[in-house]
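For the sequence shown, position 69 matches number 58 in this note's numbering, and the numbering has no gaps at all.
Where is the CB? At the ideal position from N, CA and C, for every residue including glycine.
Treat the numbers as computed from the prediction; the structure is a model and nothing was measured.
One structure below.
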Amino acid sequence: MQSNRKLKLQAGAKDAAHALSTGDKLLHGQYTIQCYLSSGGFGVTYLARDSLDRPIVIKECFPVLTCVRRGKRVIGRTPEDEATFETIVRNLMHEARRMARLEHPNIVGVHQVFAE
-10 MQSNRKLKLQ AGAKDAAHAL STGDKLLHGQ YTIQCYLSSG GFGVTYLARD
40 SLDRPIVIKE CFPVLTCVRR GKRVIGRTPE DEATFETIVR NLMHEARRMA
90 RLEHPNIVGV HQVFAE
């Protein structure tokens, strides 16, 4: 019988199939992906390092039902999905900007939002 930890690691590997790879750089090298953390219906979460070698978390917009990864690009699965994906990205950017204005000890701070 496999341990719960081993089963979770196997499930995580399956979920990570569409994730960026360790060492991938974002925003002209400002961020370096360290590892995949998790994914959900609308995104993938990574542990990364910024250009000052500080640990950070990056949330990538990746709605699995409407998009696919082609190299490092994320595009809609179909032309119809492309319009839906663009709307989701626009809404996520708007939400991130609103969240960046919030200051509360129980809310994770947003330090930057970018599209790449």
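Residue range of the unbroken beta strand (DSSP E) whose run includes residue i
i, result
"V57", "C56 to R59"
"I77", "Counting along the chain, I77 falls outside any beta strand (DSSP E), though it belongs to the alpha helix (DSSP H) covering P68 to A89."
"G65", "R62 to G65"
Counterpart residues of residue i in DSSP-defined beta bridges
i, result
"I22", "A37"
"V46", "L36"
"I96", "In DSSP, I96 forms no bridge with anything."
"L9", "DSSP output for L9 lists no bridge partner at all."
CA-to-CA distance, residue j to residue i, given in whole angstroms
i, j, result
"R(-6)", "F103", "Note that R(-6) has pLDDT 42, beneath the 50 cutoff, so the model's placement of it is unreliable and the number below is only indicative. Whole-angstrom Cα-Cα distance: 34 Å."
"D70", "T55", "5 Å"
"R87", "G60", "30 Å"
"Y35", "R66", "23 Å"
"V46", "V78", "18 Å"
"M82", "D13", "22 Å"
"A180", "K48", "Because residue 180 is not part of the residues shown, which for the chain are -10 to 105, the question remains open."
"E92", "G98", "7 Å"
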